Each structure stands twice: as C-alpha cells, then as structure tokens.
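Engineer:
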Amino acid sequence: MKTLVLDAFSGISGDMFLGALFDLGLSQTDFETELKKLPVTGYHLTVTPSSRSSIQGTDFDVILDDHQVKDNGITEHGHHHGRSFATIKQLIAQSTLTPAVKRRATALFEQVAIAEGHVHHKSLEDVHFHEVGAIDSIVDMVGAAIALELMGIDRVIVNNLADGSGTIKIAHGTVPVPVPAVMQMRIGTAIPIHQRFDAHTELITPTGMAIVKCCATAFDTTSDGVIERTGYGFGKRETGSLNALRATLVNSQLSQQTVNQEQDHVTLLATNLDDITGQQLADTIAGLLDRGAKDAWSEPIVMKKGRPAYKLCCLITPQQQAAIVTYLLTTTPAIGIRYHHVHRAIMNRQIKLVTTSYGPIHVKYLRYHNTTKRTLEHDDLRQLATTHQLTMADLQAKILNELTTMEQKG
Ligand SMILES: O=C([S-])c1cc(C(=O)S)c[n+]([C@@H]2O[C@H](COP(=O)(O)O)[C@@H](O)[C@H]2O)c1
Ligand code: NI
C-alpha cells in the first residue's frame with residue numbers, strides 16, 4: 516500500500532500539491548497526456564526544479580496564453596463569461612479520463628463550488644469559475660486527481676496543516692485568513708488546522724483545502740512502512756520562511772493486506788500475567804503488532820489464589836518465534852511463554868482504495884471458496900462520518916449501496 520504523507524507546515528495550494536508530486540517523480544509527459552483528455556486549451560504547464568532555503572524542490576505553474584490573460588473572462592460587452600460548475604462537471608463526465616479520476620475531480624470541484632455558493636449566497640448552479648481562474652482550477656483539481664492515480668497513491672495523510680493569519684486582497688475585496696471559502700469547507704469537519712501568526716498571508720487556498728478534504732483519510736499521524744521518496748512543492752506567496760509543501764511516499768508492507776491462500780500455519784504464543792499493569796499490557800500489544808504479529812490480544816482470567824490476571828496472546832509466523840519470545844520475556848513480567856502450532860482457515864483478502872462520493876475509503880474484499888464479504892476500513896469510515904456529519908451506520912449503508920452500483924456498472 517502506498518501512502519502519501521503531506522507535511523503542510525506552510526499550507527497547501529493546487530500548485531504546491533502538484534509541484535510536490537512532480538518532485539516525487541510524477542512524469543510530466545504522462546500527466547499532460549491524461550490532462551489533454553479534457554478539451555481545454557489556452558495554457559501550458561511549467562515544471563521547474565528550483566531551490567529555496569538551499570532545499571531542492573519543484574515549482575509548478577499554469578501559464579495562460581496571452582489572449583486568455585487579456586480577455587480575463589470579460590467579453591466585448593463587458594460581461595463575465597465564466598464556466599459554471601455544471602459545465603465543468605459535464606466536461607469531466609464526457610471526457611475519456613478514468614472513472615476514478617472523474618469521480619475525484621468532480622468531488623474536488625463540488626467542494627469548492629458548494630463553499631463559494633455558501634459564501635456568496637448563490638445556488639450551486641449559479642457558481643461560476645471565471646474564465647482565467649477556471650483554467651487554473653481545472654488543471655489544479657483534475658490534475659490532482661490524475662497525479663494521485665498515476666502515482667498509485669492508496670491513501671493520503673496530512674500532518675501539521677497550517678494556515679496564515681491577517682487579511683489578503685482578492686477580487687472580492689479584502690478578506691480574512693483563512694479565506695471565506697476555506698472556512699466554509701471546514702464546517703462540519705474536525706480537520707485540524709493551526710494558524711501561524713508569523714505568516715500574515717493566505718497559506719491554504721480553497722483548492723488546497725478541497726484536496727485535503729476530499730483526499731485525506733487521516734491527520735497528524737505516522738504511517739508504517741518504508742519511506743521511498745520525499746519531495747517539495749514550492750508556494751508563490753512571500754511568507755517570511757520556507758513556503759513549501761513536503762510530500763513523502765511511504766510503502767507499507769503488503770503482507771498484512773493481501774493474502775492469497777485459504778489456510779496457513781501459524782504459531783500461537785500465550786502467557787498468563789497477574790502482575791502486569793493495564794498500561795504495560797496495552798503497550799506490549801502495540802509492540803507485538805509493530806513487530807509484525809498477525810494479531811495480538813489479552814483475555815481476562817482468574818489465576819491461582821483467586822488472582823485476577825490476563826492471558827496475553829499473539830499469532831506470529833514460526834520464523835518470528837525466537838525474536839517475539841525474547842521481546843515478551845524482556846519487556847513484561849512473564850517467566851515462561853507457551854507456544855502452539857496452529858492451522859487457520861483464512862479468507863483471501865485484498866484491500867483497495869475506492870473513491871466514493873463521500874471521499875476515498877479502503878475496502879477489504881474477502882473470499883473463501885464461494886463465500887465473499889466486503890468490509891469498510893473502520894478508521895476511514897469514522898473520518899468520513901465526521902466530515903459529512905453522518906452516523907457511521909448511515910454512512911456505511913450509503914457507501915455499500917454506492918459500491919454495489921459501481922460493481923453493477925463494472
Ligand atoms: O474568485 C473567487 S470567487 C474567490 C473566492 C475566495 C473565497 O475564499 S470566497 C477566495 N479566492 C482566492 O483566489 C485565489 C485562488 O484560489 P485557488 O483555490 O483557485 O487557487 C486564492 O487566493 C483564494 O483565496 C477567490
Ligand atoms: Ni468572483
């Protein structure tokens with residue numbers, strides 16, 4: 516499983532996100548080939564390796580052709596000719612982009628359109644992306660969806676998400692930071708943002724916030740696995756310190772995630788403990804899982820002399836036995852460990868990241884002979900339920916329905 520960890524200490528914008536992914540190795544040729552599936556012209560892209568604070572990173576820019584800049588979306592009659600959300604949605608739907616890219620790109624635009632609609636008191640249909648901004652937004656949002664797919668990212672974690680403070684001038688006038696559309700997108704979520712009072716400018720743009728809201732499934736957490744690469748996407752604003760989004764690609768071991776057999780042979784370790792504290796017990800179970808145990812748990816028992824105690828158990832491979840026994844004997848009060856070789860009937864399992872209209876969620880597909888099951892990743896479900904202010908049971912039913920429809924459509 517590939518995890519993208521975004522360290523957003525200087526916020527996030529569409530350009531910073533794409534710059535960071537190009538810095539991680541996203542191919543510009545592949546990216547542009549996908550982007551050209553949309554009939555949008557009048558721009559070109561620049562992906563420029565550069566250095567800030569002596570750190571090598573990437574600047575990403577959407578450069579508009581001269582006539583686009585001169586027009587600025589105003590016709591000779593003085594009217595704005597923007598693109599409505601509905602037009603952009605149709606443009607995406609009618610393209611040959613992959614279904615996952617279409618779903619994610621539409622979800623990103625919808626987030627921004629809903630927020631803009633609320634702020635400016637307009638219906639969703641009346642929200643317009645002005646011509647110049649529309650090209651930039653299309654490249655940034657459809658591009659973000661393309662980039663995640665091309666890089667094979669299964670999940671996104673956002674850490675240290677910061678915005679600036681004070682006010683900025685935009686087309687509407689002077690607005691406070693976080694800017695109104697970003698504040699609007701935060702409503703009904705618990706996405707943690709801390710404000711930097713040393714940066715008197717905007718650090719999180721509406722596009723950046725939409726990427727976070729639609730793509731991230733966890734915040735302020737670490738990801739297990741091998742760090743493969745790290746990259747920096749530079750921001751345009753002067754913040755007084757390094758203005759960059761750091762992206763890290765983490766590859767978790769797939770052994771726990773994918774099982775392609777229907778029975779295996781494992782070792783069950785057990786030890787009875789009447790002198791371990793609750794805290795030690797929880798730490799030991801976490802330590803066993805960190806060391807690669809397939810499962811670890813405790814059972815309340817009553818030992819001799821009526822002593823309340825715990826049976827600590829774990830399932831491991833026979834090859835792990837020596838190391839895990841040593842770990843248990845050195846870190847717990849245990850003075851002996853029982854072991855049994857056991858056979859297990861197990862369901863074949865595959866974990867896939869599925870983009871739904873509620874956001875991305877990991878789905879575990881399980882199979883044993885003719886028996887199949889599907890389960891939703893509990894932590895992702897909890898996060899999405901918070902984001903959409905739904906109960907977990909409600910959201911689970913809605914997502915399972917959506918999965919059934921997707922599967923029927925193939
Ligand atoms: O043009 C509009 S309607 C607009 C609204 C808002 C609100 O917060 S409301 C903010 N902005 C600013 O435009 C730039 C570009 O943002 P992108 O997300 O499109 O990159 C940014 O400074 C926004 O704060 C524009
Ligand atoms: Ni406007």
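By my numbering, the letter at position 305 of the sequence shown is numbered 820, and the numbering carries on one by one without gaps. Beta carbons are placed, not taken as given, at the ideal position from N, Cα and C, and that holds for glycine. Quantities reported herein were computed from a predicted structural model and do not represent experimental measurements.
1) Helix, strand or coil: how does DSSP classify Leu788 here?
2) Taking only runs of the beta strand (DSSP E) that begin and end inside the stretch 538-621, which ones reach a length of at least 3 residues, in chain order?
3) Is it buried or exposed for Ile850, if we count other Cβ within 10 angstroms and need 16 for buried?
4) According to DSSP, Val869 sits in a beta bridge with which residue or residues?
5) Is Glu717 near ligand 1, going by C-beta to nearest heavy atom under 8 Å?
6) Going by beta carbon distance, what residues of the same chain come within less than 7 Å of His633, once the five residues before and after it are set aside?
7) Using three-state DSSP, classify Pro707 as helix, strand or coil.
8) Measuring straight from C-alpha to C-alpha, what distance separates Ala662 and Ala731?
9) So what's Asp713 in DSSP terms, helix, strand or just coil?
10) Can you say whether Arg744 is buried or exposed, counting buried as having 16 or more other CB atoms within 10 angstroms of its CB?
11) What do you reckon, is the C-beta of Ile685 under 8 Å from a heavy atom of ligand 1?
12) By Cβ distance below 6 Å, which residues in the same chain neighbour Lys888 in space, the five residues on each side in sequence not counted?
13) Under 8 Å by Cβ, that's how I've got Val577 and Val654 pegged, so tell me the actual separation to the nearest angstrom.
14) To the nearest angstrom, how far is it from the Cα of Gly688 to the Cα of Phe532?
15) Among Ala686, Asp805, Val690, which residue has its Cα nearest to the Cα of His645?
16) Residue range of the alpha helix (DSSP H) that Leu827 falls in?
17) Which residue's Cα is closest to the Cα of Thr782: Val840, Lys751, Thr548?
18) To the nearest angstrom, report how far apart Gln543 and Gln911 are at their CA atoms.
Structural biologist: On the basis of the data shown:
1) In the structure shown, Leu788 adopts extended strand secondary structure according to DSSP, grouped into three states.
2) Qualifying beta strand (DSSP E) stretches, in chain order: 558-567, 570-579.
3) Exposed is the call here.
4) BP columns for Val869 point to Ile876.
5) Yes, since a heavy atom of ligand 1 falls inside the 8 Å radius drawn around the Cβ of Glu717.
6) Within the same chain, and ignoring the five residues on either side of His633 in sequence, the residues whose Cβ sits closer than 7 Å to its Cβ are Gln699.
7) Note: Pro707 maps to coil in three-state DSSP.
8) The alpha-carbon atoms of Ala662 and Ala731 are separated by roughly 14 Å.
9) Asp713: coil per DSSP, three-state reduction.
10) Taking all protein chains shown into account, Arg744 has fewer than 16 neighbouring C-beta atoms within 10 Å of its C-beta and is therefore exposed.
11) Checking the Cβ of Ile685 against ligand 1 gives yes.
12) Same-chain partners within the cutoff: Leu881.
13) Indeed they touch by this definition, with Cβ atoms about 5 Å apart.
14) Cα to Cα, Gly688 sits roughly 26 Å from Phe532.
15) Answer by Cα proximity: Ala686.
16) No alpha helix (DSSP H) contains Leu827, which is instead part of the beta strand (DSSP E) from 822-831.
17) For the residues Val840, Lys751, Thr548, the minimum Cα distance to Thr782 belongs to Val840.
18) Answer to the nearest angstrom: the Cα atoms are 37 Å apart.
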